[in-house]
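One structure is given below, encoded as structure tokens.
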Amino acid sequence: MFRFFQRHADLAVLFLRLGIAVVFVYHGYHKLWGSGVQRSIDHFARLGMPMSAFTSYAIAGVEFFGGIMVGLGLLTRQASLALALTLLISLAVIHRHSTFGEMEQVVQLLLLSLAALFSGSGSWSLENFVRKHGD
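Given below as structure tokens:
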């Protein structure tokens, strides 16, 4: 039974990427086009961040488009790095006084983003498809 899982161990990277993508695309979408736009801008303004609207849209863009890229397995390392940096900034600026329970999801996503950064896109990805079939 475990041989099946050993033969398909490369699917672990796909599941990792899809897990990251679902969360980031969801949150980025709501910050770009959903109800979270103004809430995010107001939150950054309360924190005293300069250019709070620009910062909000930049973070939302990294989350949404970076999540899509990681999910597709396209420029996975670059997108994962951008996501990880965004999460580090979030921990340092937004969650610096939070309890671990309040920042738990951010820490988990940071670790997952770092795992994707180090593992790359894997064999079930657009990067691998292009590498094999591109001319």
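So for the sequence shown, my numbering puts the first residue at 3; every next one is plus one.
Where a beta carbon is used, it is the ideal one built from N, C-alpha and C, also for glycine.
No experiment lies behind these values; they were computed from the predicted model shown.
Nearest to residue i by CA position, among the options, is which residue?
| i | options | result |
| --- | --- | --- |
| G73 | E65, L20, L112 and I96 | L20 |
| V64 | G36, G50 and L89 | L89 |
| Q110 | A60, P52 and L85 | L85 |
| M51 | I96, G75, S115 and Y31 | I96 |
| G68 | S82, A55, F56 and Y59 | S82 |
| F66 | I22, A55 and L49 | I22 |
| M105 | Y31, S92 and S58 | S92 |
Look at the alpha carbon of residue i and the alpha carbon of residue j, and state the distance between them as a whole number of angstroms.
| i | j | result |
| --- | --- | --- |
| K33 | R5 | 43 Å |
| L87 | R9 | 34 Å |
| S125 | G103 | 35 Å |
| S138 | L13 | This structure cannot speak to residue 138, because the chain is shown only from 3 to 137. |
| E129 | S123 | 7 Å |
Using the three-state DSSP reduction, which class does residue i fall into: helix, strand or coil?
| i | result |
| --- | --- |
| H10 | coil |
| S115 | helix |
| S125 | coil |
| G136 | coil |
Could you pull out every unbroken alpha helix (DSSP H) segment of at least 4 residues lying fully inside the segment 50-102, listed in chain order? 54-74 and 78-91
If we require 4 or more residues per run, which alpha helix (DSSP H) segments fall completely within the segment 23-53? 38-48
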